[in-house]
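**Student:** In my numbering, the protein residues as written are 139 to 416. Note that CB positions come from ideal geometry on N, CA and C, so glycine has one too. From a predicted model like this one, the values you see are computed outputs, not experimental measurements. Please read through the structure below; I'll follow up with questions.
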Ligand code: NAD
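Have a look at this one:
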């Protein structure tokens, strides 16, 4: 579905009027998630780094063009004070919060023997601590506000952007793979802890999706051929593939899903190297 089709069918998703924070939403999968949710009628806080203000404003304009409401908010998700201010300002503006998409993530790989502590720490800070800080802020608001069954069967929904590398080890990217393994256990522990409050916490684990984070694996024909060896479905993923998964996980259509990771990877996590080798 393109964003216009989502907007034309927004009643099917039942998220119209709900408030969503999407982190790292000025590009890639965060942008696609924000546009899917905005098309579905959610009021979207488009989190971004200060350097990405122009791109974030463009995402807001796209959402407004779909008839939705959006506001850009610059904050570093690994900074406790900036995260607290972003959630406080979002709640002040829109009244409450219903959906958090913990999307932000970075890569900074190296041969392990050459990896600096700064490289290790930065990736863990942004990919894992950022999700801790944003999830904590969201859960505090969900608990404060309590259930709103006329709005959603769940008191709140958190969707964490993980990766196939929460299960597939990744040489030269040990910090990234460790962060995504951590995201998996953070997601499941929160889901377990808050299920009785009707707060659902799930993850999306993308495979190879065409964004700037992994440009090197798709920008040349040879790189793309090598990549497709790893993808049984034989195509690269597009950001909208992830936006659709996020939209579904944010809606009551997935109300009985909790503590689950949805792999959106064309089969990449199904050991493709074993095709025909049995
Ligand atoms: P991307 O680089 O386009 O998106 C990352 C976004 O996070 C950028 O907009 C960036 O400005 C923002 N960001 C970085 N540091 C931040 C910080 N400290 N605070 C706030 N925002 C910050 O790449 P993407 O592919 O869209 O990645 C999004 C998520 O998807 C990441 O968590 C990534 O690990 C995950 N992922 C991507 C793929 C893929 O194939 N593209 C595969 C698996 C997982």
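May I ask which residues mark the beginning and end of the beta strand (DSSP E) holding residue 297?
**Tutor:** 294 to 299
**Student:** Could you tell me which uninterrupted alpha helix (DSSP H) segments, each at least 4 residues in length, are contained entirely in the segment 302 to 361, listed from first to last along the chain?
**Tutor:** 312 to 332
**Student:** Under a three-way DSSP split, which group does residue 159 fall into?
**Tutor:** Strand, per DSSP.
**Student:** Just confirm the distance between the C-beta atoms of residue 280 and residue 294, as a whole number of angstroms; I'd bet it's less than 8 Å.
**Tutor:** Right, their Cβ atoms sit about 3 Å apart.
**Student:** Hey, which unbroken runs of the alpha helix (DSSP H) at 4 residues or more fall wholly within the segment 192 to 271?
**Tutor:** 218 to 232, 255 to 262
**Student:** Under 7 Å Cβ to Cβ from residue 202, same chain only, skipping five residues before and after it: list those, please.
**Tutor:** 208
**Student:** Three or more C-beta pairs closer than 8 Å, one from the segment 325 to 339 and one from the segment 395 to 412: is that the case here?
**Tutor:** In short, these stretches touch, since the Cβ pair count reaches three.
**Student:** Keeping to the same chain, check which residues put their C-beta closer than 6 Å to that of residue 200; ignore five residues upstream and five downstream.
**Tutor:** 173
**Student:** Looking at the secondary structure, which residues open and close the beta strand (DSSP E) in which residue 183 lies?
**Tutor:** 181 to 186
**Student:** Shortest alpha-carbon distance to residue 270 belongs to which of 246, 380, 339?
**Tutor:** 339
**Student:** Round the Cβ separation of residue 230 and residue 210 to the nearest angstrom and send it over; I've been treating them as touching at under 8 Å.
**Tutor:** Going by Cβ atoms, the distance from residue 230 to residue 210 rounds to 16 Å, so no, they are not a contact pair.
**Student:** In terms of residues, what are the limits of the alpha helix (DSSP H) holding residue 384?
**Tutor:** 377 to 388
**Student:** Across which residues does DSSP place residue 402 in a beta bridge pair?
**Tutor:** 344
**Student:** Under three-state DSSP, which class holds residue 367?
**Tutor:** Three-state DSSP puts residue 367 in coil, outside helix and strand.
**Student:** Using only the heavy atoms of ligand 1, determine whether one of them is closer than 7 Å to the beta carbon of residue 266.
**Tutor:** no
**Student:** Is DSSP giving residue 287 helix, strand or coil here?
**Tutor:** coil
**Student:** Which two residues bound the contiguous alpha helix (DSSP H) that contains residue 166?
**Tutor:** 166 to 177
**Student:** Looking only at C-alpha atoms, which of 227, 408, 384 sits nearest to residue 169?
**Tutor:** 384
**Student:** Taking the alpha-carbon positions, what's the residue 165 to residue 393 distance?
**Tutor:** 28 Å
**Student:** If residue 162 and residue 265 are in contact, beta carbons under 8 Å, what's the gap, nearest whole angstrom?
**Tutor:** The beta-carbon distance between residue 162 and residue 265, rounded to whole angstroms, is 10 Å. This is too long to meet the 8 Å contact definition.
**Student:** Can you give the Cα-Cα distance for residue 282 and residue 141, rounded to whole angstroms?
**Tutor:** 33 Å
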